[in-house]
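Chains as they are written, first to last, in the working numbering: chain A, 77 to 596; chain B, 9 to 176.
Ideal Cβ positions, reconstructed from N, Cα and C, are used throughout, including at glycine.
One structure is given below, encoded as structure tokens.
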Amino acid sequence: MKKKREEQKKQYHEIFVPFTDVYRLGGPEVFKNLEGKDGNKNLVVAPMPLIDRLEKEGEQYQGSGAKDTLDSLKKIQKRYPADLSLEGIAIYHFSEGLDICSVDKPLIDTNDFSITELEAKLKASFDCEKSQPTLITTKPRYHMKFGGRGMSVEDPKFLLFGPDTAHEGIIEGNEELFAKLQENGGKINLEDAKEILGRPLYTHQFIRFTEQDFARVSGEYIYNRDTTRIIDMDDPHLKLLNRTEKSKGLQIGSRIVDNILGIKPLDMEQYLATQYGLLPPEVELFIICGGAGSGKTVLSYVTSIDNVLWYDEQERKRRGLNEKKKGGRYERIILLKPFEIVGGSRREVGFLPGKLYDKIKGHLSSYEDAHKISDLKGIKFEEMFLHPKFANDFETMRSKDLKINGGYFNPHSEVIELTYSGFLRGRSFHDTLLLIDEAQNFTPYEMKTIITRVGPGSKAIVMGDPYPDQLDNPLCTPEINGLTHSIKEFLPYHYSALVMLTKLHRSQMAEDAAKWKAYQ
Amino acid sequence: MKSRYRREDERQLFTLFKQLGLQIERERDLGRMIGYSIFGSLLDFRTNSNSQEEIIFGQVKQIHSGLEVVVDYAKQKEYYNKLCELKSKVDPWFRTESFPRESAQSRLMENIFSRLYTYYSKSYEDRLKRDGVAIYNEVMRDGPLEGKKNILIHDYNLIDWFFVKGGK
């Protein structure tokens, strides 16, 4: 009997037991990330008690990672016949590099589930090249608990992209590269630049040489036939920014202006973010990072409003828009905040007294501040959320004939629609400017599902602080969150760009609070 | 009347970074100053001791002293001059093949250099900046510490974590 069981023992390169927090963070993508490489085969173990917990957590907490993982497991179970040769274990073939197995009675006691017991049973049932199964979790207490028992516990490395990634937008150059650029009329081939800098470079990345001297990675876009997708880049090169750009004048179409709705970029970082990230439509995903007071909200807000204003024919021509077609570059703005911040399971917006706008305006204070320091200050901030033709959730209609900067607002819809991450199912956004705020409070999986909603003709602006003083989403950490994950995932694409605004924002009070040991 | 002793008055990375942060507006400039200052200070480290603990503590004290000098320059709005001075000390280590690297006595500096030279030999400036920003944010989050020995151990471990192990 023992010989038969040993013959039946499956061989794996590594065995993983991800905990529920990993699925809530990464969704079913976790399986792909744990696949074996170079011909190796791994095993992901899903014990039934953890599956039950995942289902409960999926109901309790917002964010679709848990639910989508369970749906994915159900699909896998239906599509791939299970190998039931081992008692209490059902093994499903996910891919050449990965099997997934569920573990149930009689192999484990589901009423009194023990990870230690599970590990022992896994060692007895499978052969693993790495000596013991690896538990994967972000929870410190499990690292201490099971690590202390000599078990192998790891963070989900495939989700670990720390705040350092935010520095990829503007990197420090070296003297050799600067000299080479100057020798070659300010432009060199991208491969040469990579060789000199000893690292990969991505489209729209900036290299900083001095306070005022920057170079940018650029090229000629190659589109598909109906020009809806960027396929490649022709003549990829690194080019020094023109000296005239040091004046921070913004080019909008054929005009140079020094402000957008009264807001001027205060330094080169803000200028780069505005000119090369917020304004250009070919940058379909722009990630702007910075702390409070860095200017990311102000700049994102005014450029977004400017992009949805309906200008006259002449101005549309100047901006490179279709002169004959009325409307802004985008139809409207969708402002997306994390569910945990605005409502969700812990704070029910509905129970608060007052109109909806009064309930949520606390969460929009940074936008209201931006509104009040711009040329929009003559218009009530609330008007941005009102519909021109009927009373929406905010119980009133927008005032008629509001004009700003020679343009007027879309007569058919709100200027800004506020929504929460939990309300995106079934929606996709066309010709829309999506402002994704506080991205560090989204899980990586949530961020992925948001960005998959961005349809043709749209632009997504992701805003966040990579070094937050606090994170409101209990699942997220500075190393694992939607902001750093989206930087890592999207930076290599030709349609994305990233700028970090590095003006120090830490308040004196925040610094002094760090000294405060509340437990003394 | 004795002035009230405050935890933050002890020389440590927190107080030095806080003072520096008051003078330098941009986090990236702050990161560069910190990165270059740490590396540059360790270049000057000398010891006759055989005690591991003394050697470790000596290196941290050297870094603290270096940062104090940087703070003084920054208060006079001349931190960029100091940065240029530090760069002239540090850059040859990476740019000159035949540079006599045996002169360093700091094992910590050797480890930092080894990592930078192996993985970031052409972009070490960017890496020093980023590691400087990372350690700054971590130190400010941790807050000040008490006890000289406690401070020296903590500061050493942080420098090792960010500049040698890359914060991972």
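Inspect the beta-carbon positions of residue i and residue j and report whether they are closer than 8 Å.
i                 : j                 : result
Gln70 of chain B  : Asp52 of chain B  : yes
Val121 of chain A : Leu198 of chain A : yes
Leu24 of chain A  : Asn118 of chain A : The question about residue 24 of chain A has no answer, for chain A in this structure spans 77 to 596.
Ser370 of chain A : Leu511 of chain A : no
Leu160 of chain B : Val147 of chain B : no
Pro357 of chain A : Phe518 of chain A : no
Glu389 of chain A : Glu399 of chain A : yes
Val378 of chain A : Ser489 of chain A : no
Leu375 of chain A : His313 of chain A : no
Leu411 of chain A : Ile492 of chain A : yes
Gln113 of chain B : Arg54 of chain B  : yes
Lys270 of chain A : Ile264 of chain A : no
Thr214 of chain A : Asp231 of chain A : yes
Leu24 of chain B  : Glu76 of chain B  : yes
Glu251 of chain A : Tyr571 of chain A : no
Thr350 of chain A : Leu326 of chain A : yes
Pro123 of chain A : Phe189 of chain A : yes
Glu555 of chain A : Leu101 of chain A : no
Lys322 of chain A : Gln288 of chain A : yes
Met227 of chain A : Glu205 of chain A : no
Within 8 Å (strictly less), CB to CB, does residue i reach chain A?
i                 : result
Glu61 of chain B  : no
Gly48 of chain B  : no
Arg115 of chain B : no
Arg54 of chain B  : no
Glu33 of chain B  : yes
Val68 of chain B  : no
Ile120 of chain B : no
Arg19 of chain B  : no
Gly175 of chain B : yes
Ends of the beta strand (DSSP E) at residue i?
i                 : result
Thr578 of chain A : Neither: Thr578 of chain A is in no beta strand (DSSP E) and is coded neither H nor E.
Met309 of chain A : 306-316
Met344 of chain A : Unbroken run through Met344 of chain A is the alpha helix (DSSP H), 344-349; no beta strand (DSSP E).
Glu291 of chain A : The question names Glu, yet the displayed sequence has Ala at residue 291 of chain A. Looking at the DSSP string, the run of the beta strand (DSSP E) that includes Ala291 of chain A is 290-299.
Asp203 of chain A : 202-204
His488 of chain A : Here His488 of chain A belongs to no beta strand (DSSP E), and DSSP marks it neither H nor E.
Glu286 of chain A : The sequence given here has Thr at residue 286 of chain A, not Glu. Element bounds for Thr286 of chain A: n/a, residue is neither H nor E.
Gly366 of chain A : 361-366
Val121 of chain A : 118-123
Can you tell me where the alpha helix (DSSP H) with residue i in it begins and where it stops?
i                 : result
Thr565 of chain A : Going by the sequence as given, residue 565 of chain A is Glu instead of Thr. 558-566 is the span of the alpha helix (DSSP H), which, as asked, contains Glu565 of chain A.
Cys92 of chain B  : 87-103
Pro216 of chain A : 216-224
Leu30 of chain B  : 21-31
Leu323 of chain A : In the sequence on display, residue 323 of chain A carries Ser and not Leu. It is not in any alpha helix (DSSP H) - Ser323 of chain A carries neither H nor E in the DSSP assignment.
Tyr377 of chain A : 372-384
Ala142 of chain A : 141-155
Looking at chain B, is there any beta carbon in it that lies within less than 8 Å of the beta carbon of residue i?
i                 : result
Gly274 of chain A : yes
Tyr347 of chain A : no
His243 of chain A : yes
Asn250 of chain A : yes
Thr210 of chain A : no
Lys579 of chain A : yes
Gly420 of chain A : Reliability fails at Gly420 of chain A, whose pLDDT of 49 lies under 50, so the model's placement of it is uncertain and the value that follows must be treated cautiously. With 8 Å as the cut-off, Gly420 of chain A does not count as an interface residue toward chain B.
Gly238 of chain A : yes
Ile328 of chain A : no
Ile184 of chain A : no
Ile556 of chain A : no
Ile127 of chain A : no
Ile363 of chain A : no
Ile247 of chain A : yes
Checklist entry - If you measure beta-carbon to beta-carbon, which residues of the stretch 126-148 of chain B are closer than 8 Å to chain A? => result So the list reads Tyr128, Ser129, Lys130, Ser131, Glu133, Asp134, Lys137, Arg138, Val141, Ala142, Asn145, Met148, given in the order they occur along the chain.
Checklist entry - Given 8 Å as the limit, is there contact between the stretch 207-217 of chain A and the stretch 78-96 of chain B, that is, 3 or more CB pairs closer than that? => result no
Item to check | Residues within the stretch 140-161 of chain A neighbouring chain B, beta-carbon criterion of under 7 Å | outcome: none
Next on the checklist: With three or more C-beta pairs closer than 8 Å as the rule, is the stretch 538-547 of chain A touching the stretch 276-292 of chain A?
Outcome noted: no
Checklist entry - What residues in the stretch 534-547 of chain A have a beta carbon less than 7 Å from any beta carbon of chain B? => result Tyr543
Checklist entry - Okay, do the stretch 549-560 of chain A and the stretch 323-334 of chain A touch, 3+ Cβ pairs below 8 Å being the bar? => result Using a C-beta cut-off of 8 Å, the stretch 549-560 of chain A makes no contact with the stretch 323-334 of chain A, since fewer than three inter-stretch Cβ pairs fall below that distance.
Checklist entry - Does the count of Cβ pairs from the stretch 30-50 of chain B and the stretch 74-87 of chain B closer than 8 Å reach three? => result yes
Checklist entry - Taking three-plus beta-carbon pairs below 8 Å as touching, is the stretch 246-263 of chain A in contact with the stretch 96-110 of chain A? => result no
Next on the checklist: Tell me which residues of the stretch 34-45 of chain B have at least one Cβ-Cβ distance to chain A shorter than 9 Å, keeping chain order.
Outcome noted: Arg34, Glu35, Arg36, Asp37, Leu38, Gly39, Arg40
Checklist entry - Is it true that the stretch 124-141 of chain B meets the stretch 41-48 of chain B, where meeting means three or more beta-carbon pairs spaced less than 8 Å apart? => result yes
Item to check | the stretch 47-63 of chain B in contact with the stretch 117-131 of chain B per 3-pair CB rule at 8 Å | outcome: yes
Checklist entry - Taking three-plus beta-carbon pairs below 8 Å as touching, is the stretch 179-187 of chain A in contact with the stretch 164-171 of chain A? => result Counting Cβ pairs under 8 Å, three or more are found: they touch.
Checklist entry - Touch check for the stretch 299-309 of chain A and the stretch 318-328 of chain A: three-plus C-beta pairs under 8 Å? => result Inter-segment contact for the stretch 299-309 of chain A and the stretch 318-328 of chain A is absent: fewer than three beta-carbon pairs are separated by less than 8 Å.
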